[in-house]
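In the UniProt record's numbering, the protein residues as written are 1 to 283.
Report on one structure; see the data block that follows.
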Amino acid sequence: MRKRIKPIVVYVFLGLIGLLLSIAAVVVSNAPSSTLQAARKNQPSTTSTSNPQTSTSSSTDADFKLNPIVDISGWQLPKQIDYDSLAKNVSGAIVRVYGGSKISKDSNAAHSTGIDKSFKTHIKEFQKRNVPVAVYSYALGSSKKEMREEAKIFYKNASPYKPTYYWIDVEENTMKNMDAGVEAFRAELKRLGAEHVGIYIGTYFMTEQEISVKKFDAVWLPTYGSDSGYYEAQPETDVDYDLHQYTSNGSLPGFDQTLDLNQINPNKDKKKTFEKLFGSVDQ
């Protein structure tokens, strides 16, 4: 025969269960905030000016100090950005101009034409604060003809702002011969007048699709490690790359959400490579 449980015991037991559930809910709800705080704590130190500065009058590479380089698009709304603060904590910005010809029609960050909704504001706000700006386009063409057309739209919208570099973001398999399609995009940008054209591509996708980067003026690689919000390790590759996107969970003053952050290949001359991608630096 079971013992009869006293009501007070039941009430205490249920109360403890409720308390434990409340604590668990608080922990879960605070997880994203904790991740962001950790990213902020471990973020590479930044200087107090928007332009890269040397710590002494020496022009050696060891004295050349850089803030992170941010890449940004319409997903980062201008109204949520304190450009004065953000500009002081980056050395360069790469702004998305075109999301591709087959971008989702219900995208909140781009128009149905594929043009990024915020690119003009991003470029103008960074440039007025003396942050050098490069631009990128997400490649979605399904033929060489479509790739060339995407290049034309990209160049038409970006060229009035005189960006330091034109980057082609290649992440999706959109045609049978991706190498030919990517080359068509690159060659068309050059024909139109883009002096500097680089490619953003993952090493696995590059190998899988047999995409050559030899004709590009620069290479930008994404590798995150655990994507903790700060730099962990350089890409394991034989590719001669210039720029490394090291996290998509970065944090900087001026924007309360996460950011993509990048740095110059640590095996290269930092100042020389930065000037290659973003223009000369005043000493």
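The beta-carbon is built from N, C-alpha and C at its ideal position, and this holds for glycine as well.
- By the Cβ test, the region 191 to 205 is in contact with the region 162 to 169, since at least three Cβ pairs between them sit closer than 8 angstroms.
- With a contact defined as Cβ atoms closer than 8 angstroms, SER101 and GLU146 qualify at about 6 angstroms.
- DSSP places PHE216 outside any alpha helix (DSSP H), giving it a letter other than H or E.
- Between GLN209 and MET175, the gap from beta carbon to beta carbon reaches 7 angstroms or more.
- With distances taken between CA atoms, TYR98 lies nearest to PHE119 out of ASN108, VAL213, ALA218 and PHE119.
- With contacts defined by Cβ atoms closer than 7 angstroms, GLY181 and GLY141 form a contacting pair.
- The DSSP-derived three-state label of GLY92 is strand.
- Exclusion of the five residues before and after VAL239 leaves THR203, MET206, VAL213, VAL219 and LEU221 as the residues of its chain whose Cβ lies within less than 8 angstroms of its Cβ.
- About 5 angstroms separates the beta carbon of TYR231 from that of TYR246, a gap short enough to meet the 8 angstroms contact definition.
- When beta bridges are read from the DSSP output, SER137 appears opposite TYR98 and ILE168.
- In this structure, GLY225 sits away from ASN249, with a CB-CB distance that is not shorter than 7 angstroms.
- Per DSSP, reduced to three states, the secondary structure at ILE69 is strand.
- For PHE185 and ALA134, the gap between their C-alpha atoms comes out near 17 angstroms.
- Residues of the same chain with a CB within less than 6 angstroms of the CB of GLU125, apart from the 5 flanking positions on each side, are TYR83 in chain order.
- Within a 10 Å sphere around the beta-carbon of ALA233 sit fewer than 16 other beta-carbons, which makes this residue exposed.
- With respect to the C-alpha of ALA93, the residue from HIS122, ASP116, ILE81 and PRO253 having the closest C-alpha is HIS122.
- The C-alpha of LEU66 is placed about 33 angstroms away from the C-alpha of GLU150.
- When C-alpha distances from ASN157 are compared across LYS276, ASP116 and LYS271, the shortest belongs to ASP116.
- Looking only at PRO253, LYS271, GLN263 and ILE81, the smallest Cα-Cα distance to ALA62 is reached by LYS271.
- Beta-bridge annotation (DSSP): HIS111 is not paired with any residue.
- Exposed is the label assigned to GLY193, since fewer than 16 other Cβ atoms lie within 10 Å of its Cβ.
- If one requires a minimum length of 3 residues, the beta strand (DSSP E) runs lying completely within the region 187 to 212 are 197 to 201, in chain order.
- ASN262 counts as buried, since no fewer than 16 other beta carbons sit within 10 angstroms of its beta carbon.
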